[in-house]
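Comments concern the structure below.
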Amino acid sequence: MNAANLLNQRAQGLSQGKIRAMFDKANTMTGVVSMGIGEPDLHTPEAICRACADALLSGYTHYTPNAGFPQLRQAISQYALDVPGLYDPMTEIIVTNGGMGALSLLMLVLLQPGDQVLIQNPQWLNYESQIRFCGGEPVGVPTRKENNLVMTAEDIRKCYVPGKTKALIINSPNNPTGEVVPVEELKKIAELAQELDLLVISDEVYNTLLYEGEKAVSISSLPGMKERTVVINSFSKSYAMTGWRVGFAAAPAPIVAKMTVLQENFNSCVNAAAQMGAIYALEHPELRQELNDSLTARRKVALEGIQSIPGMKCSSPKGAFYLFPDISSFGMDSNTFCDRLLDEAKVVCIPGSAFGSCGEGHFRLSYTAKMDQLTEALERMRKFCENL
Ligand SMILES: Cc1ncc(COP(=O)(O)O)c(C=O)c1O
């Protein structure tokens, strides 16, 4: 028997993303500095780990309700949403295995074959493969450089197909660009979503990582939007808890109800002790400060370093931990640039084209590495560019 032939068509269509491929290549080399990874290098604050360890030792070793502990849902409703109490903890919030767990449950309960979901181009890779796997069709909304690659309401309108377009994903602050959708544009997008009767999936996993006084506004808080918005968020980026796999969705009750039944049948619930750590985290937002301070300092160094390299252009994105410099003046595509950067300077960055065709001419840099590695990588990059 050839086991590969047993796989269904959807599984056969799954493939490894470009980011993973870059790391696989880097792993075969020595002396590499990575600016590719999408997670902070800091460990989870100790107090959160202690809360989790205490929970384990005091018997939090059992299944939890499928939608998560009520105390955690309460804390999410109170502390983790743009407008406290906007979503009812018992019927409109579900705790999931990270933001990805929330997205995958959502796509599974939402999509019918042929349903189109609009996503910004360029955008984080996983949306596309999740949508496809669930039978939907991802449609990239082209963006323009003059808008710093942030999609506008008008860009979205052009991609709308009556009877086919079901939902729109907004990810602000954004992976890979770090850009935040301006509030005025968000209002226009909200009005358009109501006019076209679209569900909006608002992925807010970076909404606590903001700079230069930027404030996160959730589209769910705008008039008429709560009933048509699914907020996705997680503890991964905000509290340096990527390995804990705790996230959530806040959504209209019928959607949360079905996601909860699906979770019951597919993976039961999120790890009990990790949920207790998450409650502690939400009750102590001051624990985010160290991460925010370190990212603020690294962002300054990364931005100044990149902006001072002749030929490179870079906006000052106000969120997340990414820069998306424009390298089009070097006369090569982003794949070639990043491959050569790795081969010749031993620095890992991710080609912009991996995030969609409008990312071509750019690369993604994560400023999550330690300061000495960051400065080393910037120096290597400067020399590499000077020799091009
Ligand atoms: C835009 C975006 N959404 C969601 C996630 C998922 O995060 P997690 O599943 O760790 O909560 C990521 C992770 O990189 C991301 O970049």
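Those letters in the sequence shown? Residues 1048 to 1435, by the working numbering. Where is the CB? At the ideal position from N, CA and C, for every residue including glycine.
Own chain, CB closer than 6 Å to residue i, minus 5 neighbours either side, in chain order
| i | result |
| --- | --- |
| Q1118 | I1326 |
| D1244 | none |
| L1246 | A1214 and R1275 |
Contacting residues, own chain, Cβ-Cβ under 8 Å from residue i (five flanking each side not counted)
| i | result |
| --- | --- |
| N1339 | T1255 and L1256 |
| G1064 | L1172, N1173, S1176 and A1401 |
| A1319 | A1102, Y1107, T1108, H1109, Y1110, T1111 and F1116 |
| A1127 | N1280, F1295 and L1329 |
Expected contact under 8 Å - CB spacing of residue i and residue j to nearest Å
| i | j | result |
| --- | --- | --- |
| G1083 | I1066 | 7 Å |
| T1143 | F1295 | 6 Å |
| P1364 | E1226 | 5 Å |
| V1228 | I1217 | 7 Å |
| H1409 | A1094 | Not a contact, Cβ separation roughly 38 Å. |
| I1266 | A1237 | 6 Å |
| L1150 | I1203 | Contact flag wrong, Cβ pair sits at about 19 Å. |
Terminal residues of the beta strand (DSSP E) in which residue i lies
| i | result |
| --- | --- |
| I1084 | No beta strand (DSSP E) contains I1084, which DSSP labels as neither H nor E. |
| P1185 | E1184 to P1189 |
| I1166 | Q1163 to N1168 |
Distance between residue j and residue i (C-alpha atoms, nearest Å)
| i | j | result |
| --- | --- | --- |
| R1097 | G1324 | 8 Å |
| M1379 | G1182 | 35 Å |
| Q1163 | V1156 | 14 Å |
| R1411 | G1399 | 6 Å |
| D1250 | S1268 | 14 Å |
| D1129 | I1123 | 10 Å |
| V1278 | P1299 | 10 Å |
| T1383 | E1407 | 11 Å |
| K1038 | V1303 | The structure shown does not extend to residue 1038, since the chain is modelled only from 1048 through 1435, so no value can be given for it. |
| K1273 | D1386 | 44 Å |
For residue i, the first and last residue of its enclosing alpha helix (DSSP H)
| i | result |
| --- | --- |
| L1389 | S1381 to A1392 |
| I1203 | A1200 to C1206 |
| G1146 | G1145 to L1157 |
| R1057 | Q1056 to Q1059 |
| C1099 | E1093 to L1104 |
Cut-off 7 Å between Cβ atoms - residues of its own chain near residue i, not counting five sequence neighbours on either side
| i | result |
| --- | --- |
| M1306 | I1141, L1152, L1153, V1156 and A1296 |
| D1419 | none |
| G1146 | D1250, V1252, I1279, N1280, S1281, S1283 and G1294 |
| Q1322 | T1111, G1115, F1116, L1119, V1142 and V1293 |
One or two residues paired with residue i in a DSSP bridge
| i | result |
| --- | --- |
| T1218 | Position check: residue 1218 holds Asn in this sequence, whereas Thr was assumed. N1218 pairs with D1250. |
| G1294 | T1143 and S1281 |
| S1413 | Y1369 |
| I1397 | R1411 |
| T1075 | DSSP lists no partner for T1075. |
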